[in-house]
Amino acid sequence: MHTAAQVRLDDLREALVKTAIQQGWQHKYAKFGRRGRGTQSLFVHSVNAFSIAQTLGPSLFDLSPSDTELASVAAFFHDYQKAENTWQEAAIRFIEGKSTTDADFAHDSGSPQMRDKLESLLREVDKSAGTDLAVQTDRILRIIVYTHDAVNSASAMKRKRQVGAIDPLSKVVRLSDSIASIKKAEDIKRKVNDPDIPAGKDVSFEYHTVSVIRGVISSFLNEAVTELMKEMGYTPLLYFGNSTAYIRLGEAVGPDDPRQRLRELLEAQFKKFQDSEIFERGLTEGVLGPITQTKWPSIHLVRERDIGPILNYLNSRPFTNKDQAFGRQYIEKSREKDRKKGHTENMDAINRLIKTSGTVSDDAIVAMMVSDFNLLVFVADYVKHYREFASRAGRGDEFDQKVTQWLKDTLGDFVPDDMNQIDNTTPASKRVATIEEVWHIGSENLHKTKDRREQITQRSIKLLTLITREFKDTAPPLVADEVVTGLLGDIEHIPVDLLSGDELRRLSTEVSERYLKGKSSTSRLCSLCSLTSVDDAPAGLFGDGSEKFSNLMEGGASIGSKRKAQVCPLCMLEGTLRKFYFGSPPYGTLLLLPDLSLSPDGFRLWSNALDDAVRSENLGLGIGKDWSMRLVYEHLSQGGIIDSSAELVRLLSPTKNDIKHLADFLRAERGNAEDVDYTVVRKAKNLNSLEGLARAHLEGSIVIDPYLLSSYSPKFRSERTSYFTASYALTFLNGPPGLKDEPVSSRALRLQLMALLLADVYHSKVVFIEGYQPFIPTEMRGMVRVEMPAPAANALESLGLKSTVQLHELDENLRRLSSLVRIAMTFGEKIGNDRLLRLSSMNRGAILRRVDMDMGKEMNDQQKHLLLSLLENMPAKPGEL
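With the first letter of the sequence shown counted as 1, position 64 gets the number 771 in the numbering used here; the numbers rise by one all the way through.
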């Protein structure tokens, strides 16, 4: 429950953010380095300083709530003078390697002009938050100008004449700014001797770092380590892509066994994931394998309450609902197999089944038999898995005894050994015998009942529920020992001993030996991260790329037998977790990293923004789908700014056709709006009609029953989905953006535009990672990192753009690339699949002539106006800015 003070603080933060965005601080520098290294926007830096001041005010400086609020506001505006054009121009010159002077970067003036500027900003905040900060302009200015050290004594005297003596709150803001300015988490350690720390305070600064970002599993590790640090008395101040900086007041506390506690916290993260909407929606894809591959690859994730939804899902799939045509083909194939082997075993069984099954057609009864058997394949595989678990735990005899009775009560006169004969390769004769037992359990004739399948499904649910309830403790843990060991190896620094000295030496030796063995022809390493492998990479998790290897693999290492890629337990688990987002392996990942760093308040803004984006993905709407983006492209091409996720979602609004298509589907399936089940996400209107439900669902206000929409096309979240944590966010792409047969270089241009848009909206740095490759954080020189093939780089050059985009270049890049893609969408169809590359090499006149030749009189006045407005953004000659 939020207190009145917290609500006031939230309103104040929202007003400050709104004011900063209106001033364009998201595109202005606060921190910068040569060639764009270590840059941070004025917006992000201000939010971070505000957040840190909120933490330090009451805890370290013993400030009252009113003084904490004042210090936090001053911290937010402490660099407001950097927004001046002269300061920003000097920053750009420095980034470009041009000459600058110290005077160019002065930003602590107490002049009347700067006072008026600050008062104007505070009045804007007052309008939004209902505060009266503007009346304290003079004091806030005095706090701010003393945040920065004077260049010399003359400057110090001038400052004192302008605003008076230093304010006591200046120390709070100065320390907050100093912490917000660190470029790496480990730099926080240097702050322990900061002169602004009050005397007599027992203060400690620490950090934790992980060496690699694997994806979802690394976020679990980060969250678990952060929680462990909190239990030890540390408070997070700043999040970095792979690390977190903390402060602690007083003595450290903590568990007696940090390693065991960390394991418990990791398990808690997995359980939290199991309770998430992502797990519920992706349950069937995440814990089931394709029918032609390994069943139940993630069986240890299945809880009692999951069995019903999973088996009901299997019951609805095409492979468990074969039609008469399939039955006819199955009979013919069985007859042909008997002929080749010189016996009649299969057909004898099929004929017996047909003869004893009543008046249903031959083809239909065989289709029913195969359908029911396909469902039993998954049931039998579940039983086999749990029998193995129980045997390993020394409870094999107990399992056989209990499950034999449960089988008789639910499916027929079977014993656990019989389950070994039920799989995809079982011959027709044995399939028939199995199904005959199921259909004739006791005195029943299930095949003659209308609810045959429903009865079999419910009996199967009962069987697997009993097994899970009784023997769940024998199943592998959520976090296996080898996973814990691997994750501990990912931790680069934490101020607690998770490993003994002997263990550290052993790990160091293993790393050295692994590298040496990697030079041999027999070593088998994980082809994704180079850890010791344990298994072949299944295509069901990793796709066709399971026979590839990443650039992280050590030189000379063997890929594996038959060149099949090998994966370690960590990468296998990462693949499993991502399967909950998409049934098929994702094409790649856009990794969103903090703009240098992110404070807890910055994370709140980030998470709210990403929540908005996730809600916009319903039924294919989202940044991965061209047609949904047309309004976004037009908005950007006209010089518009998308300064929030809410604005992006608004521009991704569903079309009338989107709404009609979904409403027609709901009408065919349910008939009336009252018969459609849905969950309310946020307040929505007009939910008494199918059209109203369709609109609300597409806008993300409600979520219609996923099972109802399972047969609807386009599918749920077909383009992208996001997972975020305080340190980074993952945006998964289900497939490459753009046209089906578009060249790689053309797709790279689309990825560049997508990454730039995400960087702008979420005030972040963005890296595109193909497939499942882990990411080792390194310093970025620009806002985005997308691999650019030579043709794509040439295309950017023709547009007057560069592959490495700096903060001040975001607007121009978004405007030109959006114009290029929008022209290609409406006017470039006849140019070919490489239209982006070809259009980029043309000047305005050439594009105009080509469009006139291809479309001519087909263009209406609206299209002509659109084309001319888009062409204004293209270079008059290739390569011109």
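Where is the CB? At the ideal position from N, CA and C, for every residue including glycine.
- In this structure, Ser925 sits away from Leu1018, with a CB-CB distance that is not shorter than 8 angstroms.
- Below 8 angstroms, enough C-beta pairs join the segment 1272-1283 and the segment 1191-1209 to call them touching: three or more.
- According to the DSSP assignment, Pro965 belongs to the alpha helix (DSSP H) that extends over Pro965 to Gln981.
- If you draw a 10 Å sphere on the C-beta of Tyr1089, you find 16 or more other C-beta atoms in it, and that means buried.
- Look at Phe784 here: in three-state DSSP terms it is coil, with no helix or strand label.
- In this structure Gly948 touches Pro1301 by the C-beta definition: roughly 6 angstroms separates them, less than 8 angstroms.
- Around the beta carbon of Lys789, 16 or more other beta carbons sit within 10 angstroms, so the residue counts as buried.
- Restricting attention to Gln967, Glu971, Gln981 and Phe912, the CA atom closest to the CA of Ala959 is found in Phe912.
- A contact between stretches requires three or more CB pairs, one per stretch, nearer than 8 angstroms, and the segment 1012-1031 fails this requirement with the segment 1099-1111.
- Per DSSP, Ile1057 lies in no beta strand (DSSP E) segment; the continuous alpha helix (DSSP H) that holds it begins and ends at Glu1052 to Lys1062.
- Spatial neighbours of Asp815 in its own chain (CB-CB distance under 6 angstroms, excluding positions within 5 residues in sequence) are listed in chain order as Val852 and His855.
- Spanning the alpha carbons of Leu1416 and Phe1431 requires a straight line of approximately 26 angstroms.
- Comparing alpha-carbon positions, the option among Ala1502, Lys1509, Ala975 and Glu1516 lying closest to Leu1527 turns out to be Ala1502.
- In the DSSP assignment, Gln747 forms a beta bridge with Lys738.
- Assignment of Gly1282 by DSSP, reduced to helix, strand and coil, places it in the helix class.
- Partner residues in the beta bridge of Ser911, as assigned by DSSP, are Arg955.
- Only residues of its own chain outside the window of five on either side were considered, and among them Leu723, Ser753 and Phe757 have a CB closer than 6 angstroms to the CB of Phe783, listed in chain order.
- In the same chain as Leu1514, and ignoring 5 residues on each side of it, the C-beta atoms closer than 7 angstroms to its own belong to His734, Tyr736, Thr746, Ser748 and Met1490, in chain order.
- Note that the C-beta distance between Gln1459 and Leu1524 is below 8 angstroms.
- In the assembly as shown, Thr793 is an exposed residue. Its beta-carbon has fewer than 16 other beta-carbons within 10 Å.
- Straight across, the Cα-Cα distance linking Gly837 with Ala1436 is about 33 angstroms.
- Contiguous alpha helix (DSSP H) elements confined to the segment 1145-1212 occur at 1159-1178 and 1188-1197, taking only those with 4 or more residues.
- The residue from Phe986, Gln869 and Ala1056 with its alpha-carbon nearest to that of Val923 is Phe986.
- Contact annotation: Glu1143 and Leu1083 have beta-carbon atoms that are not nearer than 8 angstroms.
- A straight-line Cα-Cα distance of about 20 angstroms links Met1336 and Leu1299.
- The C-alpha of Arg1522 is placed about 24 angstroms away from the C-alpha of Met1562.
- Fewer than three beta-carbon pairs drawn from the segment 926-940 and the segment 875-895 are found closer than 8 angstroms, and the two stretches are therefore not classed as touching.
- Within the DSSP secondary-structure output, Lys1472 pairs in a beta bridge with Leu1300.
- Counting along the chain, Leu1416 sits inside no alpha helix (DSSP H), nor does DSSP assign it H or E at all.
- Distance from the CA atom of Thr991 to the CA atom of Tyr953, rounded to whole angstroms, is 39 angstroms.
- Beta bridge pairing from DSSP links Asp1079 with no other residue.
- In this structure Glu1406 is buried. Its beta-carbon is surrounded by 16 or more other beta-carbon atoms within 10 angstroms.
- Of the other Cβ atoms in all chains shown, fewer than 16 fall within 10 Å of the Cβ of Glu1039; this residue is therefore exposed.
- Just so you know, the alpha carbons of Asp1070 and Ser1078 end up roughly 12 angstroms apart.
- Between Ala1499 and Leu1456, the beta carbon gap of about 6 angstroms places them in contact (Cβ cut-off 8 angstroms).
- Inclusion of Ser827 and Ala892 in the CB contact set at 8 angstroms is not warranted, their separation being larger than that value.
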